[in-house]
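Undergrad: First the structure, then my questions, so here it is.
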Ligand SMILES: Cc1ncc(C[n+]2csc(CCOP(=O)(O)OP(=O)(O)O)c2C)c(N)n1
Ligand SMILES: Cc1ncc(C[n+]2csc(CCOP(=O)(O)OP(=O)(O)O)c2C)c(N)n1
Ligand SMILES: [Mg+2]
Ligand SMILES: [Mg+2]
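Right, here's the structure in full:
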């Protein structure tokens with residue numbers, strides 16, 4: 049792997065640009081992605097290279113953006129649609145879930161809908177209740193969609209390239225708080241299959257399954273507890289949530305005998321449930337030495353006040369506390 | 049309890065009508081609910097009693113229906129909004145999830161949004177992929193909403209009356225295939241709290257948590273296995289999914305030592321995950337004698353062909369098979 | 026080839042006229058068969074018949090060229106026959122057979138053949154409008170001289186997707202003909218009650234595009250208007266057509282017609298587009314009465330053949346249930 | 026009380042004029058303070074300043090009566106001050122304090138006070154339009170002589186919610202004034218690129234309602250138009266106003282203004298509504314220069330007081346995090 053370090057946002061831009069150079073049927077549409085460069089600066093410079101036809105500013109019309117992407121995808125192009133905040137996908141979720149995701153199946157297999165909906169997710173920016181959600185569980189509950197959420201620049205680039213090449217609608221959830229984080233990303237061509245999770249840290253006492261911006265947070269706590277208490281924590285990042293690399297998780301739990309799932313999304317109805325059900329309805333159940341712990345966002349809208357906001361989701365402190373509960 | 053038997057649809061109409069008589073601030077809006085009487089005949093006759101102002105036919109505009117209900121609720125009325133098929137709630141889910149559900153919290157407590165969104169859910173009518181879904185897990189993942197799904201006429205009436213009186217937005221999911229089913233419903237006034245599950249059948253070998261139209265199906269199988277094999281199966285119907293009566297489920301599992309969750313919704317990301325995570329992160333974990341089994345709809349859109357459709361969701365056969373797997 | 030030229034009538038070959046006439050007959054007879062099947066309980070689910078509206082479907086599509094795209098609605102049998110799709114797989118789909126266009130998984134509400142430019146009927150009112158818009162974008166991005174014809178109803182015109190799509194198409198000059206089949210009702214809701222305007226073509230003003238209102242029961246008017254619109258959209262962007270028509274049958278399987286009068290229905294029956302075209306063809310001696318009878322007999326025979334094909338076709342196999350959720 | 030009557034100018038008392046003028050000043054100074062806080066990193070999140078647009082907010086609300094409702098937007102400081110809400114809890118909200126309108130949980134994007142008829146700023150572009158429509162329905166159902174004023178931007182006018190709401194309000198004759206503040210851009214997207222019409226008031230044609238386009242930087246024009254509209258909506262249903270204005274500052278915290286020219290900004294600055302009103306008041310000798318300076322000093326002092334109040338207010342307590350998700 050090259051030593052070059054770039055940010056998560058750069059990695060995403062690079063993935064899009066490489067794919068747009070490689071394949072003329074790929075194009076990009078969304079609000080303010082052109083001269084403005086996107087609300088988070090992800091697409092800065094792209095309109096200069098690809099022009100306003102392929103880097104296409106849209107009106108503020110999320111349903112039409114997603115629906116038009118679906119229609120364009122079904123008729124021979126490969127759209128990348130950016131939704132400015134993932135919270136707004138709901139406005140177009142009918143087009144995503146009832147049209148894009150179902151077309152192939154309900155038409156009996158003759159439709160192919162290769163599109164990516166990219167959108168930033170998560171809290172921590174002081175943007176409050178309607179700009180801070182993590183709704184991956186919704187998308188995972190729609191057969192026909194794939195759902196990806198990278199936690200590193202390396203994963204972001206490889207997964208996004210794979211998502212763009214995938215022949216299915218993919219929801220690609222980016223992490224606002226990771227956009228400016230740097231990490232090693234090779235210059236050359238690579239993709240990461242949309243079916244493989246990644247063990248971000250090996251361990252033998254406890255399996256923590258987590259994704260998105262919780263990954264670096266959990267890794268930090270794991271390092272700390274390794275140093276302070278010699279705990280050996282395995283951190284599994286599914287990267288792609290749908291389809292889920294269940295075997296990777298099951299194998300890890302069989303190895304460690306203990307499991308915890310950490311996510312930022314609100315707890316009730318969150319995707320931790322899916323993962324815990326997967327573990328507890330598998331052979332891993334017989335290896336469990338303790339209840340399967342779930343640490344997730346509180347069941348509240350994200351509040352504005354920074355201190356409240358920080359505590360609405362898992363923190364290094366609550367992660368540590370829960371680990372200690374399980375391991376002590 | 050009175051011996052009168054009425055249908056599930058009648059019970060719903062009776063609940064609405066009683067509440068509209070009782071409280072002039074309650075009104076009802078939706079597509080074709082007036083002279084047409086609703087797509088499933090639920091509101092037949094209501095416009096004659098309450099007039100077109102309070103039984104209000106709307107244009108086909110689901111986002112505006114839900115949003116207008118939220119606005120009306122926040123300003124002193126108590127709307128019941130019918131969405132013709134629950135599949136279409138997605139079109140207005142931004143108004144439901146980002147507005148109605150969050151208003152109170154994000155405004156710091158001074159908003160009250162007493163509204164009910166009623167909608168029929170589920171498959172089995174040959175209406176295919178866009179008219180047959182069970183999306184309760186989505187709504188349960190939105191803090192600020194309550195989510196109710198009755199399995200009997202009795203529950204339907206009592207829960208709907210409670211939902212209408214509740215000061216929060218409630219998603220009330222009705223079961224298409226139960227609309228014509230009869231059951232005992234007292235004529236008098238009663239409500240069922242939106243926080244209490246119900247043990248539909250007592251047992252000691254296995255707890256099955258299930259809801260909606262799966263309840264009668266599971267009960268039939270439980271009776272059959274009681275007769276044929278002397279199995280004692282406890283059937284827990286949460287009735288209200290959010291907030292969930294977790295203790296009822298946990299206590300039952302502690303008693304039986306085995307648990308299975310059955311739902312019609314597609315498996316991945318379904319609410320079974322929530323319930324299994326609740327069980328496995330509770331004291332009930334220590335009483336479990338076997339993995340917690342999950343039986344749900346396949347991860348497919350609902351197909352049109354009747355035989356395929358029937359097998360897309362749990363059937364008496366698959367329920368029985370899974371019980372035998374767990375208990376034999 | 027004989028040609029018939031008269032003021033206000035298009036310049037059409039005899040073959041073309043015969044093709045248009047027989048497609049109207051196919052549609053009518055196809056649907057009469059479907060109605061019969063339903064009345065006998067041989068088909069499950071529901072269906073929406075366009076009996077009375079054949080001219081707008083067939084006339085409009087007759088004006089398209091090879092390679093143009095078309096998006097249909099839930100009332101889509103005429104659209105499908107108009108687009109030249111084979112009657113056999115169409116009938117097979119209605120019967121849920123594996124030889125159907127959707128392998129029996131879509132049914133009437135999801136008939137589609139992307140490979141032939143048919144983007145699908147749609148179970149979501151207004152759901153196809155963004156899809157068609159995206160097809161227009163796709164065509165435009167490739168620089169093709171192709172048009173997209175997007176059907177929707179007077180009920181759909183009040184959906185947000187209508188507005189967002191027309192606005193988007195208007196700013197991007199997309200080659201999309203938006204054709205509203207105003208059959209006067211959205212289910213039970215009269216267009217006069219669902220909108221505050223008599224002439225829906227006024228809605229073109231919002232997008233700075235041409236809008237016309239035409240007699241949708243005159244196949245030649247429809248044809249000519251769409252011909253003109255097609256020329257327009259290829260150069261100057263979208264075009265809105267409101268075709269006034271009427272559905273003779275109930276909205277769907279179950280409809281007591283309480284929202285309209287027998288008188289009204291009878292008045293419109295006098296404008297039945299099929300006898301109207303027949304009179305035209307006969308009066309102008311394009312075809313003799315005997316020739317027209319022969320065409321009608323052929324239509325009947327072809328439908329019978331399709332029924333036979335469908336009846337004797339195999340059902341889907343169990344694996345079809347899980348196939349084609351994802352591509353690749 | 027002195028009265029000033031001139032052609033085209035409304036009949037306003039000195040007190041009213043002073044009130045309108047000082048509210049524009051409050052808005053400007055409030056926002057300058059907020060901008061300063063942001064530049065110093067004293068506030069987190071983002072904010073949308075309406076500097077330059079004060080006339081449309083303040084002038085419009087000045088035309089309302091006691092008991093009328095108002096729905097604001099994400100750019101809602103002027104709307105809030107216009108509605109007469111206290112500066113102190115407003116500033117406290119911006120600083121995330123427990124004394125804020127939303128107890129620090131909403132922030133700039135969610136300021137609201139339902140008890141005072143303020144339905145809330147809104148983080149969802151177009152999200153408030155159905156809410157306001159529902160408020161209109163509520164008022165109408167109670168038979169009150171009250172109006173609802175619904176603000177939204179030129180970007181929001183392309184959302185489906187705009188269309189659905191105006192259509193719904195038009196068929197139900199709801200007393201809602203829909204006021205589009207056309208500040209020429211939706212973030213970076215020029216209204217000219219986002220719509221295909223120059224004059225957005227044409228969109229009224231779609232709903233058969235009055236639509237006017239006015240100089241939104243002239244507070245008197247705004248006032249008079251809304252006065253007229255208010256009379257209209259109470260009797261005849263909704264009214265659309267397009268107020269042409271301009272935002273001097275960037276869209277939000279971070280905006281390089283790459284999508285517009287300095288020249289354009291400077292041209293609009295010449296139409297700054299605040300000096301314009303001051304000139305009017307001074308030229309017509311309604312107030313002397315000294316009086317006007319005194320008003321301005323009072324505005325400054327009141328804002329300072331609000332800042333002081335906000336700064337010294339307590340933060341929310343930890344329990345606030347979980348309070349007020351549900352009522353009751
Ligand atoms: C989003 C959505 N809302 C409601 C329905 C239920 N529904 C099916 S067809 C229909 C009426 C549609 O009216 P129109 O667009 O005029 O088409 P028509 O049926 O008259 O051909 C309704 C309400 C639906 N399928 N989708
Ligand atoms: C549904 C939705 N889409 C996108 C955004 C991001 N966004 C916030 S404000 C804005 C521009 C809105 O333009 P306009 O309606 O003209 O209001 P203005 O900001 O000009 O006052 C955008 C795109 C949002 N908040 N909500
Ligand atoms: Mg219609
Ligand atoms: Mg604007």
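Residue numbers (our numbering), protein chains in the order written: chain A, 49 to 376; chain B, 49 to 376; chain C, 26 to 353; chain D, 26 to 353. By construction, the Cβ of each residue, glycine as well, lies at the ideal position given by its N, Cα and C atoms. What you are looking at is a predicted structure, and each value in this text was computed from that prediction instead of being measured.
At which residues does the alpha helix (DSSP H) containing residue 302/A begin and terminate?
TA: Start and end: 294-304.
Undergrad: How is residue 295/D classed by DSSP in three states: helix, strand or coil?
TA: Residue 295/D: coil per DSSP, three-state reduction.
Undergrad: Of the residues that make up the region 175-208 of chain B, which ones have a beta carbon closer than 7 Å to any beta carbon in chain A?
TA: Within the region 175-208 of chain B, the residues whose Cβ lies closer than 7 Å to some Cβ of chain A are 176, 177, 178, 185, 186, 188, 189, 191, 192, listed in chain order.
Undergrad: So, does the region 357-366 of chain A touch the region 61-80 of chain B, judging by three or more C-beta pairs under 8 Å?
TA: Taking 8 Å as the limit for Cβ pairs, the verdict is that the region 61-80 of chain B does not touch the region 357-366 of chain A.
Undergrad: Can you find the residues in the same chain that come closer than 8 Å, C-beta to C-beta, to residue 125/A, ignoring five residues on each side of it along the sequence?
TA: Answer for residue 125/A: 73, 74, 75, listed in chain order.
Undergrad: Checking 9 Å against the spacing of the C-beta atoms, do residue 143/A and residue 112/A come in under that value?
TA: The answer is yes: Cβ separation under 9 Å.
Undergrad: Given that residue 143/D touches chain C, what residues does it touch there, using C-beta distances under 9 Å?
TA: What residue 143/D touches in chain C: nothing, since even the nearest Cβ is about 25 Å away.
Undergrad: Quick one: what does DSSP say residue 311/B is sitting in, helix, strand or coil?
TA: The answer is strand: DSSP assigns residue 311/B an E or B state.
Undergrad: Hey, is residue 210/D close to ligand 4, as in C-beta under 8 Å from one of its heavy atoms?
TA: Yes.
Undergrad: Please confirm if the region 198-207 of chain C is in contact with the region 128-135 of chain C, defined as three or more CB-CB distances below 8 Å between the two stretches.
TA: No, the region 198-207 of chain C does not touch the region 128-135 of chain C.
Undergrad: Across which residues does DSSP place residue 221/B in a beta bridge pair?
TA: Per DSSP, 167/B.
Undergrad: Alpha carbon to alpha carbon, how far is residue 134/A from residue 96/C?
TA: So the two alpha carbons sit approximately 28 Å from each other.
Undergrad: Report, in whole angstroms, the separation of the C-beta atoms of residue 74/C and residue 60/C, which I expect to be a contact under 8 Å.
TA: Right, their Cβ atoms sit about 6 Å apart.
Undergrad: Label residue 371/B either buried or exposed according to how many other C-beta atoms from any shown protein chain fall within 10 Å of its C-beta, with 16 as the threshold for buried.
TA: Counting Cβ neighbours within 10 Å, residue 371/B comes out buried, since at least 16 surround it.
Undergrad: Strictly below 7 Å CB to CB, what residues from chain B border residue 154/A?
TA: Result: 176, 177, 349.
Undergrad: Please state whether DSSP places residue 173/A in a helix, a strand or coil.
TA: The answer is coil: DSSP assigns residue 173/A none of H, G, I, E or B.
Undergrad: Looking only at C-alpha atoms, which of 331/C, 109/C, 342/C sits nearest to residue 116/C?
TA: Considering only alpha carbons, the answer is 331/C.
Undergrad: In the DSSP assignment, what are the bridge partners of residue 136/C?
TA: Its beta-bridge partners do not exist; DSSP assigns none.
Undergrad: Between residue 72/C and the rest of its own chain, which residues show a CB-CB distance below 6 Å, the 5 nearest in sequence each way excluded?
TA: These residues qualify, in order along the chain: 59, 133.
Undergrad: Check whether the Cβ of residue 179/C sits closer than 8 Å to any heavy atom of ligand 3, and report yes or no.
TA: Yes; taking the cut-off as 8 Å, the Cβ of residue 179/C has a heavy atom of ligand 3 nearer than that.
Undergrad: Taking only three categories from DSSP, how would you classify residue 36/C?
TA: The answer is coil: DSSP assigns residue 36/C none of H, G, I, E or B.
Undergrad: Please name the residue in 192/B, 191/B, 231/B, 217/B whose C-alpha comes closest to that of residue 198/B.
TA: Answer by Cα proximity: 231/B.
Undergrad: Bridge partners of residue 230/B, per DSSP?
TA: Answer is 55/B.
Undergrad: Please list, in chain order, all residues of the same chain as residue 246/A whose beta carbon is under 6 Å from its beta carbon, the five residues on each side excluded.
TA: Once the five neighbours on either side are set aside, the close Cβ partners of residue 246/A are 285, 287.
Undergrad: What three-state label does DSSP hand residue 366/A in the structure shown?
TA: It is helical.
Undergrad: Between residue 346/D and chain A, is any beta-carbon pair separated by less than 9 Å?
TA: Chain A, which has a Cβ nearer than 9 Å to the Cβ of residue 346/D, makes this yes.
Undergrad: Any beta carbon of chain A sitting closer than 9 Å to that of residue 147/D?
TA: Interface residue, yes.
Undergrad: With DSSP collapsed to three states, give me the class of residue 197/D.
TA: Three-state DSSP puts residue 197/D in a helix.
Undergrad: Taking 8 Å as the cut-off, is the C-beta of residue 216/D nearer than that to any heavy atom in ligand 4?
TA: Yes, the Cβ of residue 216/D comes within 8 Å of a heavy atom of ligand 4.
Undergrad: Short of 8 Å Cβ to Cβ, which residues in the region 203-220 of chain D face chain A?
TA: The region 203-220 of chain D vs chain A, Cβ under 8 Å: 211, 212, 213, 214, 218, 219, 220.
Undergrad: Check the C-beta distance from residue 120/A over to residue 162/C and give it rounded, since I have them as a contact under 8 Å.
TA: Confirmed, Cβ separation roughly 5 Å.
Undergrad: For residue 107/B, return the contacting residues in chain D, with the cut-off set at a CB-CB distance below 7 Å.
TA: Going along chain D in sequence order, the residues near residue 107/B (Cβ under 7 Å) are 192, 193, 196.
Undergrad: Is residue 272/D near ligand 4, with its Cβ less than 8 Å from a heavy atom?
TA: Yes, since a heavy atom of ligand 4 falls inside the 8 Å radius drawn around the Cβ of residue 272/D.
Undergrad: By the DSSP assignment, the beta strand (DSSP E) with residue 236/D in it spans what residues?
TA: Taken as a continuous stretch (DSSP letters only), the beta strand (DSSP E) holding residue 236/D covers 236-240.
Undergrad: Give a yes or no on whether the minimum CB-CB distance between residue 227/D and chain C is below 9 Å.
TA: Chain C contact via Cβ: present.
Undergrad: Check the Cβ-Cβ distances between residue 139/B and every residue of chain C, and say whether any is below 9 Å.
TA: So, interface residue.
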